[in-house]
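Structure, as C-alpha cells:
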Amino acid sequence: MTKLCLVALATLATIAALVPVNHATKDPKTVCYYESWVHWRHGDGKMEPNEIDTSLCTHIVYTYFGIDAITHELKWLDPYLMKDLHDIEKFVQAKGKAKAMIAIGGASMSDQFSITAGNEQYRDIFARSVVNFLAQYHFDGIMIDWYGVQERDSENLIHLLDKFDEKFASTTYSMGITLPATVATLDHYNVPKITVYVDFINVLTLDYAGPWGKVVDNASPLPEQLKTMEEYHKRGAPRSKLVMAVPMYARTWRLASPLHQDLGDAAISGGTKGPYTDTEGILSYNELCVRIKGSPNSFNIVRDVANTAVHAVYLHGNEAEFYSFEDTKTLAAKAHNVTTMGYGGLSIFTLSNEDSHGTCGKKYPLLHSIVENYNHDPIDEVPITTIPPPTPHPTEVVTDIPGVFKCHSVGKFRDHEYCFKYYDCVMGDFGLESTVMYCERHQAFDEKTYKCVEASQIPGC
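Here's what the structure looks like:
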C-alpha cells in the first residue's frame, strides 16, 4: 500500500476517532485577524479597514500593539499609521456587528511581556492603560498574543490575566488569548486557570510543516489540528472556548526533483517569492490563486479523499515546487468538523491573505466557505465531506512527466503502474484536480465500468 493510501486511511480513522456526537456549536466564532502593515503594500496586496467584510466575522482583531519598555503602558507600534492616518478609527468604524479587538504582542514582544507581567506595579499600569485605550477608541476587547512563554512566566501570565479581569469587571470588554500548538511549549501554560479568565483561546494550529523541513508535507492537516485541540480539552479547556486557527496562505517548497512530488519527498528550499508577501516558502491565497489562474497547465492539484488537505505541484522550466494550501473544500470540511465537535469556531490568519478584492472570482471565497459550512445542529455521525462522483468522460490520459499523473479531463483513470490505484478527476476551485483512490485487496479499477472489480477480470492486472 502506498504512502498516499496510508495517509488517506489515517486521515479518515483519526477524524472518526476524535469526533464526539451531539456537541455541535450553536454560535461559532469567526475571529478575523487584520494586519495593520498591509496598508503599506502595493496593488492587490494592499488592504484598508473599510474593505473588511465584517458580516463574515464575529470578531475582527487589529495587529499589533506592544508594551512600552519604560512606562509599561500600551504602545502604538506604528503611531503614524495608527494615529496620524486614523487607521484605528477607520477599523472601529468598519466593525459592523463584529467585536473590534486589538492584539497585543506578536513575535517581537515576548521579552517585554515577561518583564511587565513579572512585576505587580507594571501589571497594574499596563492594564489601566489598555482600559483607557479601549474606552477612548471604542474597542470591544483585547487578544493577549504573548508568544514564547517560558516556564518561569507561567504564574506571571495568570497574574496578568487576573489583573485584566479586575480592570474589566465593570465593563463589557472581551479578552482572548493566543496559545501554541506544540505540546512541549503547552506545558508552560496553566490551561485550567487561563480558561477561567478568557472568553476564548485562539489555538495556533498552523505550520505543522514548512520549508524549514527538507521534506514536503501538508502544512496544516485537519487530523493534526484536531489532535492539538483535543490536547487542550484534555488539559482542562472547555471545547466551546477553543478556537482553531486556519491559514489563508500556502507553505511552499522547491522540490529536489520534479519526478518526486509526493508527500514525504525531498525539498531543497522554500518556494519562490510572491509579489506581496515577498518571502520564500510562503504565498498568500491571493498570490497563489493569481499564479494558478495565470498558468493553469503548469499546476497539478491533488486532494486527499476526505477533503481535509490539498496540495499543488507547480512546474516551471526544469524545476518543480510543492504548495500546501487551503481552499474552499478543505475549509468547508474544517468548519463543519470543528463545530460538530463542539469547538468554538475558527480564527483566520489573516484577512490580507484572502482574495479580499475578488481578483480570482468572488470576494472572500475562503471566508464564505467557512461561514456557510459551520454545523449549528447536533448530528449522530462523523461529517466527512466528500466530493460527489462526477459523470465520467473518458479520454486519453496524458502524463506530463513520466510516472507522474495529471488530470486532463473529468473522469476516473487507472494508474499505469498499479491496477488497484486510480484517480478521480473533478473540477475544483482552480480547474481540474485529482483525488487518489484505491480498490480493495485483490481488486483492480475497471475503466469501462468505473468500478473496482476482481483483478483477474482486467487483462494485465
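Reading the sequence shown from the start, the letters are residues -24 to -1, 1 to 437 in mature numbering (1 follows the signal peptide of the UniProt record, and there is no 0).
For glycine and all other residues, C-beta sits at the position ideal for the given N, C-alpha and C.
Just so it is clear, the structure is predicted and the values come from calculations on it, not from any experiment.
Starting from the C-beta of LYS427, find all residues in its chain whose C-beta is less than 8 Å away, skip the five residues before and the five after it, and write them out in chain order. As a working note, residue 427 is residue 451 in the sequence shown. PHE421, listed in sequence order.
Using CA atoms only, rank isn't needed, just tell me which of THR326, ARG390, ARG417 is closest to THR425. If you number the sequence shown from 1, residue 425 lands on position 449. Cα-wise, what sits closest to THR425 is ARG390.
Considering MET205, what are the terminal residues of the beta strand (DSSP E) in which it resides? Working through the sequence shown from its first residue, we reach residue 205 at position 229. Where MET205 is concerned, there is no enclosing beta strand (DSSP E), although the alpha helix (DSSP H) it sits in stretches over 198 to 210.
C-beta neighbour in chain D for GLN237, strict 8 Å: Absent here is chain D; the protein component of the structure consists of one chain.
Are the beta-carbon atoms of VAL219 and VAL386 separated by less than 8 Å? The residue labelled residue 219 in the question sits at position 243 within the sequence shown. The residue labelled residue 386 in the question sits at position 410 within the sequence shown. The answer is no: Cβ separation not under 8 Å.
How many angstroms separate the CA atom of THR171 from the CA atom of ASP44? Taking the first residue of the sequence shown as position 1, residue 171 is located at position 195. Taking the first residue of the sequence shown as position 1, residue 44 is located at position 68. Rounded to whole angstroms, THR171 to ASP44 spans 27 Å at the Cα level.
Among SER86, LEU342, GLY321, whose alpha-carbon lies nearest the alpha-carbon of ASP331? Residue mapping note: residue 331 aligns to position 355 of the sequence shown, counting from 1. Relative to ASP331, the option among SER86, LEU342, GLY321 whose CA is nearest is LEU342.
Spell out a yes or no on whether the region 70 to 88 and the region 111 to 122 are touching, meaning 3 or more CB-CB pairs, one atom from each, closer than 8 Å. At 8 Å Cβ cutoff, the stretches touch.
Evaluate the contact criterion for the region 184 to 196 versus the region 294 to 306: three or more CB pairs, one atom per stretch, below 8 Å. As far as the Cβ criterion goes, the region 184 to 196 touches the region 294 to 306, which means the pair count is three or higher.
Let me know the secondary structure DSSP gives LEU235 once reduced to three states. If you number the sequence shown from 1, residue 235 lands on position 259. Residue state, collapsed to three classes: coil.
Alpha-carbon to alpha-carbon, LYS5 and CYS33: On the sequence shown, position 57 is the one that residue 33 refers to. On the sequence shown, position 29 is the one that residue 5 refers to. Rounded to whole angstroms, CYS33 to LYS5 spans 8 Å at the Cα level.
LEU198 to PHE396 span [Cα, whole Å]: Taking the first residue of the sequence shown as 1, we reach residue 198 at position 222. Taking the first residue of the sequence shown as 1, we reach residue 396 at position 420. The alpha-carbon atoms of LEU198 and PHE396 are separated by roughly 26 Å.
Would you call ALA111 buried or exposed, if buried means 16 or more other Cβ atoms sit within 10 Å of its Cβ? Position 135 of the sequence shown, counted from the first residue, corresponds to residue 111. Its Cβ having fewer than 16 others within 10 Å, ALA111 is exposed.
Per-residue DSSP class, three states only, for HIS35: Counted from its first residue, the sequence shown places residue 35 at position 59. If DSSP states are grouped into helix, strand and coil, HIS35 belongs with the strands.
Are LEU136 and ARG99 close, meaning C-beta to C-beta below 8 Å? Here residue 136 is taken as the residue at index 160 of the sequence shown, counted from 1. Here residue 99 is taken as the residue at index 123 of the sequence shown, counted from 1. Yes. Within cutoff.
Are there three or more Cβ pairs, one per stretch, closer than 8 Å when the region 66 to 76 is compared with the region 100 to 109? In the pairwise beta carbon analysis, the region 66 to 76 is classified as not touching the region 100 to 109: fewer than three pairs are separated by under 8 Å.
Report, in whole angstroms, the separation of the C-beta atoms of ARG230 and ALA213, which I expect to be a contact under 8 Å. Along the sequence shown, read from residue 1 onward, the residue named residue 230 stands at position 254. Along the sequence shown, read from residue 1 onward, the residue named residue 213 stands at position 237. Going by Cβ atoms, the distance from ARG230 to ALA213 rounds to 38 Å, so no, they are not a contact pair.
Under 8 Å Cβ to Cβ from VAL374, same chain only, skipping five residues before and after it: list those, please. Looking up residue 374 in the sequence shown gives position 398. Confidence at VAL374 is low in this model, with a pLDDT of 33, below 50, so its placement is unreliable and the value that follows should be read with caution. Answer for VAL374: LYS382, HIS384, listed in chain order.
Distance check for SER31 and GLU348, CA to CA, integer angstroms please. Taking the first residue of the sequence shown as position 1, residue 348 is located at position 372. Taking the first residue of the sequence shown as position 1, residue 31 is located at position 55. So the two alpha carbons sit approximately 12 Å from each other.
Endpoints, beta strand (DSSP E) assigned at TYR387: Against the sequence shown, residue 387 aligns to sequence position 411. Strictly speaking, residue 387 in this sequence is Gly, with Tyr absent from that position. It spans 387 to 390 - the beta strand (DSSP E) in which GLY387 sits, taken as one unbroken run.
Does the Cβ-Cβ distance between LEU259 and GLY250 come in under 8 Å? For the purposes of this step, residue 259 is identified with residue 283 of the sequence shown, where counting begins at 1. For the purposes of this step, residue 250 is identified with residue 274 of the sequence shown, where counting begins at 1. Result yes, Cβ atoms of LEU259 and GLY250 sit closer than 8 Å.
Could you check the C-alpha separation between SER345 and VAL314 for me, to the nearest Å? Stepping through the sequence shown from its first residue, residue 345 is reached at position 369. Stepping through the sequence shown from its first residue, residue 314 is reached at position 338. In this structure, the alpha-carbon of SER345 lies about 14 Å from that of VAL314.
Label GLY72 either buried or exposed according to how many other C-beta atoms from any shown protein chain fall within 10 Å of its C-beta, with 16 as the threshold for buried. Residue mapping note: residue 72 aligns to position 96 of the sequence shown, counting from 1. Exposed, since its Cβ has fewer than 16 Cβ neighbours within 10 Å.
Using 10 angstroms around the beta-carbon of GLN433, count the other beta-carbons present and answer buried if the total reaches 16, otherwise exposed. Within the sequence shown, residue 433 is the residue found at index 457, counting from 1. GLN433 should be labelled exposed.
Along the chain, where does the alpha helix (DSSP H) that runs through PHE89 open and close? Residue numbering aside, residue 89 sits at position 113 when the sequence shown is read from its first letter. 86 to 93 is the extent of the alpha helix (DSSP H) around PHE89.
Since TYR154 sits in a beta bridge, which residues does DSSP pair it with? One-based indexing of the sequence shown puts residue 154 at position 178. One detail in the question is off: residue 154 reads as Thr in this sequence, not Tyr. THR154 is bridged by DSSP to ASN178.
Pop quiz: ALA157 and LEU180 are said to be a contact at Cβ under 8 Å. What is the actual Cβ separation, rounded to whole angstroms? Position 181 of the sequence shown holds residue 157. Position 204 of the sequence shown holds residue 180. For a cut-off of 8 Å, the C-beta gap from ALA157 to LEU180 is around 5 Å, short enough to register as a contact.
In whole angstroms, give me the CA-to-CA distance for PHE406 and VAL412. The residue you call residue 406 lines up with position 430 of the sequence shown. The residue you call residue 412 lines up with position 436 of the sequence shown. Taking the straight line from one Cα to the other gives about 18 Å.
Using a 10 Å radius around the Cβ and a threshold of 16 neighbouring Cβ atoms, would you call GLY321 buried or exposed? Mapped onto the sequence shown, residue 321 falls at position 345. GLY321 comes out buried.
I'd like to check one pair, MET224 with THR306: are the Cβ atoms closer than 8 Å? For the purposes of this step, residue 306 is taken as residue 330 along the sequence shown, with counting starting at 1. For the purposes of this step, residue 224 is taken as residue 248 along the sequence shown, with counting starting at 1. Contact: no.
Going by DSSP, what residues sit across from THR326 in a beta bridge? As a working note, residue 326 is residue 350 in the sequence shown. Under DSSP, THR326 shares a beta bridge with no residue.
Close Cβ partners of TYR394 (< 6 Å) along its chain, the five nearest in sequence each way excluded: Within the sequence shown, numbered from 1, the residue matching residue 394 stands at position 418. Closer than 6 Å at the Cβ level, and outside the excluded window around TYR394, lies no residue.
Which residue wins for smallest C-alpha separation from ARG267, given the options ASN283, ARG279, THR248? For the purposes of this step, residue 267 is identified with residue 291 of the sequence shown, where counting begins at 1. Closest option to ARG267, Cα to Cα, is THR248.
Fully enclosed by the region 40 to 124, which alpha helix (DSSP H) runs are 4 residues long or longer? Complete alpha helix (DSSP H) runs here, min 4: 63 to 69, 86 to 93, 96 to 113.
Could you work out which residue in TRP188, ALA76, PRO168, ALA185 is closest to MET151 when comparing CA atoms only? Residue mapping note: residue 151 aligns to position 175 of the sequence shown, counting from 1. Ranked by how close their Cα comes to the Cα of MET151, the residues TRP188, ALA76, PRO168, ALA185 have ALA76 in first place.
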